[in-house]
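Here's the structure, in structure tokens; my notes come after.
There are 4 protein chains.
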Amino acid sequence: METDEQALPSVDGCCGDERKSHHTEKTKSNLISRLNRIEGQVRGIKGMIEKDVYCDDVLNVISSVQSALNGVGKMLLEHHMKSCVVERIQDGDTEVIQELLTTMNKLMK
Amino acid sequence: METDEQALPSVDGCCGDERKSHHTEKTKSNLISRLNRIEGQVRGIKGMIEKDVYCDDVLNVISSVQSALNGVGKMLLEHHMKSCVVERIQDGDTEVIQELLTTMNKLMK
Amino acid sequence: METDEQALPSVDGCCGDERKSHHTEKTKSNLISRLNRIEGQVRGIKGMIEKDVYCDDVLNVISSVQSALNGVGKMLLEHHMKSCVVERIQDGDTEVIQELLTTMNKLMK
Amino acid sequence: METDEQALPSVDGCCGDERKSHHTEKTKSNLISRLNRIEGQVRGIKGMIEKDVYCDDVLNVISSVQSALNGVGKMLLEHHMKSCVVERIQDGDTEVIQELLTTMNKLMK
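Residue numbers (this note's numbering), protein chains in the order written: chain A, 144 to 252; chain B, 144 to 252; chain C, 144 to 252; chain D, 144 to 252.
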């Protein structure tokens, strides 16, 4: 069954202007190719379950997808902190720290 | 770019016969629908990155995919332990314990 | 301020008999020496905070205590699974699986 | 066996001056009382192991110590980010971001 792109949270900032990320093309293609691989692995896990593959083998693929996803998260966090977070703090907008802490607590759960 | 199903480890058991999981159809469709949602979210994250969506919003979707994936892992682990692991131990095959520990250590990393 | 041993859950099994672990003396002394080191590090962290040591340095000691504690947990889990869990399953008492899953879910949080 | 305070990393900043944290007395006493409780629990775990308490009960105390330790880490991280990190970025010293990322990666492991 084909899956449509999941409806995702709209990104309009509360104060009307829209915050944007500004990755280089190189970073974007790196992130996209990692996510393509993750997407393929998730599809692969579905196939394993449909074919009644032994659970331990499926669990091992799940843990490698978790690691790959952590890798994407860490890469994004680094770019975010070295660009938007520094810029907003230098502009005097320290609200970004609480925003970052909230997101990090979810990632560190 | 369409991603082919990731080449996955072959599942031939060391002693020649092939270990299989034996989920009910209900469990299988539950797992598949969760994985469909995860696949859609991963595709959605790609779209967010292509559209330069603010990193914090992307990181929040990543952490919800991590939770969903953890949920699938825990569900599989429970089924595995309540079926294959118990059966193999009752058959005197305690090697399954070391196999389980190795997999759990990866999941608990 | 000296801290008394934390009041810990009583271990009387619901069915009156008391479940016991049965580690070798070697395992017990290994676990105790790891826990002595962890106790020393926790005391050290208190000292760092009292002396206003830079937070990043304190956070690094906290993460090494977390790793040491994970190591103790994994060691205990292995011993538990290779002794009590196998024995209880071979005795036909499969309740141990749900008990183990509940504990693992807390450790994997 | 009494444990001495663990020898901890010296805190001389690379550029000769010594970085300090600057917690309020209220924060410091909160952190110290949490660490006292953790120290007591670690001592309690040693007692459980010496008395051959059932492993599952010990594992449950370990997971609550892990949560308590995570709580201390998150509290320190928040204070660090809302004070030192903001101040150093506003002073133009963006090296603090890489320092923070390195520490966070260890905590998120």
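Virtual Cβ for every residue (Gly too), placed ideally from N, Cα, C.
Listed by chain order, chain C residues near residue i by CB distance under 9 Å
i         : result
Ile232(D) : The premise fails here: Ile232(D) is roughly 14 Å from chain C at the closest Cβ pair, so nothing lies under 9 Å.
Partner residues on chain C for residue i, Cβ-Cβ distance less than 7 Å
i         : result
Leu174(D) : Ile192
Host alpha helix (DSSP H) of residue i (start-end)
i         : result
His222(D) : Cys198 to His223
Arg162(B) : No alpha helix (DSSP H) holds Arg162(B); DSSP gives it neither H nor E.
Met251(D) : Segment: none, Met251(D) is in no alpha helix (DSSP H) and carries neither H nor E.
Tyr167(C) : What sits at residue 167(C) in the sequence shown is Thr, not Tyr. Looking at the DSSP string, Thr167(C) is not in any alpha helix (DSSP H), and its letter there is neither H nor E.
Val229(A) : Val229 to Gln233
Reference residue i, options the options, closest by Cα
i         : options                                       : result
Ala211(D) : His165(D), Ser164(D), Ile175(D) and His166(D) : Ile175(D)
Leu219(B) : Ile192(A), Val229(A) and Glu238(A)            : Ile192(A)
Lys169(A) : Leu243(A), Gln241(A), His222(A) and Glu238(A) : His222(A)
Arg180(C) : Arg186(D), Asn179(D), Gly235(D) and Thr167(D) : Arg186(D)
Lys194(B) : Gln184(A), Leu202(A), Ser172(A) and Ile188(A) : Ser172(A)
Val201(D) : Ile205(C), Asp200(C) and Asn213(C)            : Asn213(C)
Val228(C) : Gly216(B), Lys217(B), Leu244(B) and Ser207(B) : Leu244(B)
Arg177(D) : Lys225(C), Asn203(C) and Lys189(C)            : Lys189(C)
Val204(A) : Gln184(A), Gly216(A) and Val215(A)            : Gln184(A)
Glu161(C) : Arg162(D), Lys163(D), Thr167(D) and Cys198(D) : Cys198(D)
Ser206(D) : Val215(C), Thr167(C) and Glu182(C)            : Val215(C)
Met251(D) : Val196(A), Gln209(A) and His166(A)            : Gln209(A)
Lys163(B) : Val196(B), Glu230(B) and Glu182(B)            : Glu230(B)
Thr167(D) : Asp236(D), Glu182(D) and Ser226(D)            : Ser226(D)
His165(D) : Val196(D), Met224(D), Glu182(D) and Val239(D) : Met224(D)
Lys249(C) : Ile232(C), Lys217(C) and Thr237(C)            : Lys217(C)
Thr237(A) : Ile232(D), Val196(D) and Glu238(D)            : Ile232(D)
Neighbouring residues, chain B, relative to residue i (Cβ below 9 Å)
i         : result
Asn179(C) : Those within 9 Å of Asn179(C) in chain B number zero; the least Cβ separation is about 24 Å.
Contacts that residue i makes with chain B (C-beta to C-beta distance below 7 Å)
i         : result
Thr167(C) : In chain order: nothing, as chain B lies at least about 18 Å away.
Contact list for residue i against chain D, beta-carbon separation under 7 Å
i         : result
Leu244(C) : Here the premise fails: no neighbours, minimum Cβ distance about 11 Å.
Thr237(A) : Val229
Residues that residue i contacts on chain A, provided the C-beta gap is smaller than 7 Å
i         : result
Ile240(D) : Met224, Lys225 and Val229
Residue i beta carbon near the ligand NAP (any heavy atom closer than 8 Å)
i         : result
Gln209(B) : In the structure on display, the ligand NAP does not appear, and there are no ligands present to speak of.
(request) Scan the region 201-226 of chain C for residues whose Cβ lies nearer than 7 Å to a Cβ of chain D and list them as they occur along the chain. (result) Val201, Leu202, Asn203, Val204, Ile205, Ser206, Val208, Gln209, Leu212, Val215, Gly216, Leu219, Leu220, His222 and His223
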